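Trainee: Protein sequence lines, in the order shown, are assigned to chains E and P.
Position one of the first sequence corresponds to residue 38 (my numbering), numbered consecutively onward.
Position one of the second sequence corresponds to residue 38 (my numbering), numbered consecutively onward.
2 protein chains.
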Amino acid sequence: MIQKLQIQFDIDPELYSKNPDSSKLGRKIISNSISMINEMGFEDFTFKKLGLAINSPESSIYRYFVNKHMLLIYLTSWYWTWTEYRLAFATTNVASPLDRLDSAIDLLTQPVLIDDDISYVNEIMLSKIIFSESIKAYHTKDVDEENKKGCFKAYKSVVNRVGAIVLEINPDFKYPHMLISTVIEGAHQQKYFSEHLPELTDLTNEQNAITKFYKELVFSYLK
Amino acid sequence: MIQKLQIQFDIDPELYSKNPDSSKLGRKIISNSISMINEMGFEDFTFKKLGLAINSPESSIYRYFVNKHMLLIYLTSWYWTWTEYRLAFATTNVASPLDRLDSAIDLLTQPVLIDDDISYVNEIMLSKIIFSESIKAYHTKDVDEENKKGCFKAYKSVVNRVGAIVLEINPDFKYPHMLISTVIEGAHQQKYFSEHLPELTDLTNEQNAITKFYKELVFSYLK
DNA sequence: GCAAATATACTAGTATTACTATCGTTTATG
DNA sequence: CATAAACGATAGTAATACTAGTATATTTGC
């Protein structure tokens, strides 16, 4: 029998009170919160509703995360840790940095379409959450504190890794991090705009217009 | 005696319950909310606190705005209406579309530094709010409804106007709105990152790195 | 296989937020 | 100067975001 390899990440213990990966309830919290946030949006999602859905009291969920905001940070960290793994996989053994950057932009600007993991984390839904809600993870009054605790380490690491490819292509380039964070955040926003404020984008019939736009933008700048 | 011209905008009546510009209390609500949101951030700002600050009961503020979110939308609309006016002023009688786009990017990527209006709206503080909090005006579960009501008309109009300059430079360009909304939102975010998550940017000693970055990005793409 | 530790369930309760309602008084305006 | 509109004062509600305490399972270590 073929056993699919289950990806295991060590998420920084600062991000939770009790490791959700260490118990049945914890895993239920993660998988159900992903589908619930996806359905109703982060604002309408509450620990009370989650508790109802998994038949556990609110107070039990608080043992894992001090609040729903830390849960969102946990989910985003999981996503970026996983994405760095995907990036490494997609770019090793590719000699040309231009090709590697091209693959990286594909990964960063498109939501996940297939869930090839068999864990309790649905990666398609998680990536949707990242595209539509991740900005709420760091755009709050507590950013500085949370940043000190390392809440955004995984995201910064991804930006760094792709920024390094940019520097391989053009070692004198002054703004590698700005460029990559503009692409990532821009792609998330353009996707959101296309669904809710289409006048701020340019919807066409072509597939992957957002990816195409950011590739042209990046490569014309780097040449 | 020289009387400075006071700029008057008609803000869409859909955005308020009672026009704050029509009464003393209304103007106090606007000017005090701008300084309070600036000081404590939008999340910590409440109508109760505002009421205390201006010595009026919460319930009186609700007569002007159904909630604090609509007040934020009012403020952003005011800003974008004013910015379109500034754009028009900065670009009329400039023949070259390249020069006009250059001026437009200056306006869109830099916070306001001088308040030359003598009204109850402090434009320096308002522009700071736009840079740091405006994303919260449209990144909510109620976007679609609010969009239908016209809450984001002023913003879309600015994106359109600058997008039109892009098309003058390159009539075949496919993504004028994407490009401009990327610049605007990107500049806001990079400013925020530089203050809270500097690893996502490239802070240098140079002045106006963000403006420089987006100008290079845009003009290299359009050529 | 059983005691000790740990995890979870159940219930209750608090502070704050985001409103809504009512009514009396002040202020503007024709 | 009457009358409508605006504002102030007070009270109250539902929901959210927690915290506390105690009872009951479940795991684990010997």
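From the three backbone atoms N, C-alpha and C, an ideal C-beta is built for every residue, glycine too.
This structure is a prediction, so every number in the text was calculated from the model and none was measured.
Please say whether residue 195 (chain P) and residue 117 (chain P) have beta carbons closer to each other than 8 Å?
Mentor: By 1-based counting over the second sequence, the position of residue 117 (chain P) is 80. By 1-based counting over the second sequence, the position of residue 195 (chain P) is 158. Cβ atoms of residue 117 (chain P) and residue 195 (chain P): closer than 8 Å.
Trainee: Quick one: what does DSSP say residue 255 (chain E) is sitting in, helix, strand or coil?
Mentor: Stepping through the first sequence from its first residue, residue 255 (chain E) is reached at position 218. Note: residue 255 (chain E) maps to helix in three-state DSSP.
Trainee: Just to check my reading of the structure: residue 217 (chain E) and residue 200 (chain E) have Cβ atoms closer than 8 Å, yes? What is that Cβ distance to the nearest angstrom?
Mentor: For the purposes of this step, residue 217 (chain E) is taken as residue 180 along the first sequence, with counting starting at 1. For the purposes of this step, residue 200 (chain E) is taken as residue 163 along the first sequence, with counting starting at 1. Right, their Cβ atoms sit about 5 Å apart.
Trainee: Cutting at 6 Å between CB atoms, please list the residues of its own chain near residue 259 (chain E), excluding the five before and the five after it.
Mentor: Working through the first sequence from its first residue, we reach residue 259 (chain E) at position 222. Cβ neighbours of residue 259 (chain E) beyond the five flanking positions: 206 and 207.
Trainee: Indicate whether at least one CB of chain P lies closer than 8 Å to the CB of residue 172 (chain E).
Mentor: Numbered from its first residue, the first sequence carries residue 172 (chain E) at position 135. Residue 172 (chain E) counts as touching chain P.
Trainee: In whole angstroms, what separates the C-alpha of residue 242 (chain P) from that of residue 73 (chain E)?
Mentor: The count along the second sequence starts at 1 and reaches residue 242 (chain P) at position 205. The count along the first sequence starts at 1 and reaches residue 73 (chain E) at position 36. Whole-angstrom Cα-Cα distance: 45 Å.
Trainee: Whose C-beta lies closer than 8 Å to the C-beta of residue 229 (chain P) among residues of the same chain, with five residues either side of it excluded?
Mentor: Mapped onto the second sequence, residue 229 (chain P) falls at position 192. So the qualifying residues of the chain are 168 and 169.
Trainee: Quick one: what does DSSP say residue 51 (chain E) is sitting in, helix, strand or coil?
Mentor: Here the question's residue 51 (chain E) lines up with position 14 in the first sequence. Helix, per DSSP.
Trainee: Quick one: list the residues of chain E neighbouring residue 187 (chain P), beta-carbon separation under 9 Å, in chain order.
Mentor: Within the second sequence, residue 187 (chain P) is the residue found at index 150, counting from 1. Per Cβ cutoff of 9 Å: no residues; residue 187 (chain P) is ~12 Å from chain E at best.
Trainee: What would DSSP say about residue 69 (chain E), mapped onto helix, strand or coil?
Mentor: To locate residue 69 (chain E), count along the first sequence from 1; it is residue 32. Here residue 69 (chain E) sits in helix by DSSP.
Trainee: Which one of E:245, E:203, E:79 and E:214 has the shortest CA to CA distance from residue 212 (chain P)?
Mentor: Numbered from 1 along the second sequence, position 175 holds the residue referred to as residue 212 (chain P). It is E:245 whose Cα lies nearest to the Cα of residue 212 (chain P).
Trainee: Ordered along the chain, which non-local residues of its own chain (more than five positions away) have a Cβ less than 6 Å from that of residue 42 (chain E)?
Mentor: Locating residue 42 (chain E) in the first sequence gives position 5, counting from the first residue. Only weak support exists for where residue 42 (chain E) lies, its pLDDT of 49 falling under 50; the value from the coordinates is given anyway. For residue 42 (chain E), where only same-chain residues beyond five positions count, there are no Cβ hits under 6 Å.
Trainee: Could you run through the region 237-250 of chain E and flag, in chain order, every residue whose CB is less than 9 Å away from some CB of chain P?
Mentor: 237, 238, 239, 241, 243, 246, 247, 249 and 250
Trainee: With a 10 Å radius around its C-beta and 16 neighbouring C-beta atoms as the bar for buried, classify residue 125 (chain E) as buried or exposed.
Mentor: Here residue 125 (chain E) refers to the residue found at position 88 when the first sequence is read from its first residue. Residue 125 (chain E) is exposed by the Cβ-count criterion.
Trainee: Any C-beta of chain E sitting closer than 8 Å to the C-beta of residue 159 (chain P)?
Mentor: Here residue 159 (chain P) corresponds to residue number 122 of the second sequence, with the count starting at 1. Output row for residue 159 (chain P): interface = no.
Trainee: With three or more beta-carbon pairs closer than 8 Å as the criterion, would you say the region 93-108 of chain E touches the region 43-59 of chain E?
Mentor: yes
Trainee: Hey, would you say residue 149 (chain E) sits closer than 8 Å to residue 133 (chain E), going by beta carbons?
Mentor: Counting from one through the first sequence, the residue named residue 149 (chain E) turns up at place 112. Counting from one through the first sequence, the residue named residue 133 (chain E) turns up at place 96. Not a contact, by the Cβ cut-off of 8 Å.
Trainee: By the 10 Å Cβ neighbour count, where 16 or more other Cβ atoms means buried, how is residue 40 (chain E) classified, buried or exposed?
Mentor: The residue given as residue 40 (chain E) occupies position 3 in the first sequence. Caution applies to residue 40 (chain E), whose pLDDT of 43 falls short of 50 and renders its modelled position unreliable; the value that the coordinates give is listed next. Burial call: exposed.
Trainee: At a Cβ cut of 8 Å, what residues of the region 44-59 of chain E count as close to chain P, listed as they run along the chain?
Mentor: Taking a C-beta cut-off of 8 Å against chain P, none of the residues of the region 44-59 of chain E qualify.
Trainee: Taking the C-alpha atoms as reference points, what is the distance between residue 94 (chain P) and residue 85 (chain P)?
Mentor: Along the second sequence, read from residue 1 onward, the residue named residue 94 (chain P) stands at position 57. Along the second sequence, read from residue 1 onward, the residue named residue 85 (chain P) stands at position 48. Roughly 7 Å separates the two Cα atoms.
Trainee: Residue range of the alpha helix (DSSP H) that residue 197 (chain E) falls in?
Mentor: As a working mapping, residue 197 (chain E) is identified with position 160 in the first sequence. Here the alpha helix (DSSP H) through residue 197 (chain E) covers 190-206.
Trainee: For residue 136 (chain P), which of helix, strand or coil comes out of DSSP?
Mentor: Walking along the second sequence from the start, residue 136 (chain P) turns up at place 99. Three-state result, residue 136 (chain P): helix.
Trainee: Is there a Cβ from chain E that is less than 8 Å from the Cβ of residue 205 (chain P)?
Mentor: Start at 1 with the first residue of the second sequence, and residue 205 (chain P) comes out as number 168. Not closer than 8 Å to any Cβ of chain E, the Cβ of residue 205 (chain P) fails to qualify, so no.
Trainee: Pull up the distance between the alpha-carbon of residue 76 (chain E) and that of residue 178 (chain P), whole angstroms please.
Mentor: Locating residue 76 (chain E) in the first sequence gives position 39, where the first residue counts as 1. Locating residue 178 (chain P) in the second sequence gives position 141, where the first residue counts as 1. When rounded, the distance between both Cα atoms is 11 Å.
Trainee: Is there contact between the region 221-241 of chain P and the region 183-195 of chain E, where contact requires at least three CB pairs shorter than 8 Å?
Mentor: yes
Trainee: Do the CB positions of residue 91 (chain E) and residue 65 (chain E) come within less than 8 Å of each other?
Mentor: Position 54 of the first sequence holds residue 91 (chain E). Position 28 of the first sequence holds residue 65 (chain E). Against a cut-off of 8 Å, the Cβ pair of residue 65 (chain E) and residue 91 (chain E) comes out as a contact.
Trainee: For residue 222 (chain P), count neighbouring C-beta atoms within 10 Å of its own C-beta (all shown protein chains included) and say buried if the count is 16 or more, exposed if not.
Mentor: Translated into positions along the second sequence, residue 222 (chain P) becomes position 185. Looking at its Cβ environment, which holds 16 or more other Cβ atoms inside 10 Å, residue 222 (chain P) is buried.
Trainee: Is there a C-beta anywhere in chain P that falls below 8 Å from the one on residue 121 (chain E)?
Mentor: Residue 121 (chain E) sits at position 84 when you count from the first residue of the first sequence. False, the Cβ-Cβ gap to chain P never drops below 8 Å.
Trainee: Find out if the Cβ-Cβ distance for the pair residue 136 (chain E), residue 248 (chain E) is shorter than 8 Å.
Mentor: Here residue 136 (chain E) corresponds to residue number 99 of the first sequence, with the count starting at 1. Here residue 248 (chain E) corresponds to residue number 211 of the first sequence, with the count starting at 1. Result no, Cβ atoms of residue 136 (chain E) and residue 248 (chain E) do not sit closer than 8 Å.
Trainee: Name the two residues that bound the continuous alpha helix (DSSP H) containing residue 184 (chain P).
Mentor: One-based indexing of the second sequence puts residue 184 (chain P) at position 147. Its alpha helix (DSSP H) spans residues 180-186.
Trainee: Quick check on residue 251 (chain P): buried or exposed, where buried means 16 or more other Cβ atoms within 10 Å of its Cβ?
Mentor: The residue given as residue 251 (chain P) occupies position 214 in the second sequence. Classification for residue 251 (chain P): buried.
Trainee: Please decide whether residue 111 (chain P) counts as near chain E, where near means a Cβ-Cβ distance under 8 Å.
Mentor: Numbered from its first residue, the second sequence carries residue 111 (chain P) at position 74. For residue 111 (chain P), the answer is no, since every Cβ of chain E falls outside 8 Å of its Cβ.
Trainee: Taking Cβ positions only, does residue 215 (chain E) come closer than 8 Å to chain P?
Mentor: Looking up residue 215 (chain E) in the first sequence gives position 178. At least one chain P Cβ lies under 8 Å of residue 215 (chain E).
Trainee: In its own chain, which residues sit with a C-beta less than 6 Å from the C-beta of residue 138 (chain P), not counting the 5 before and 5 after it?
Mentor: Residue mapping note: residue 138 (chain P) aligns to position 101 of the second sequence, counting from 1. In its chain, beyond the 5 residues on either side, 202 have a beta carbon closer than 6 Å to the beta carbon of residue 138 (chain P).
Trainee: Once the 5 residues before and after residue 255 (chain E) are set aside, which same chain residues still bring their CB inside 6 Å of it?
Mentor: In the first sequence, counting from the first residue as 1, residue 255 (chain E) sits at position 218. Result list for residue 255 (chain E): empty, nothing under 6 Å.
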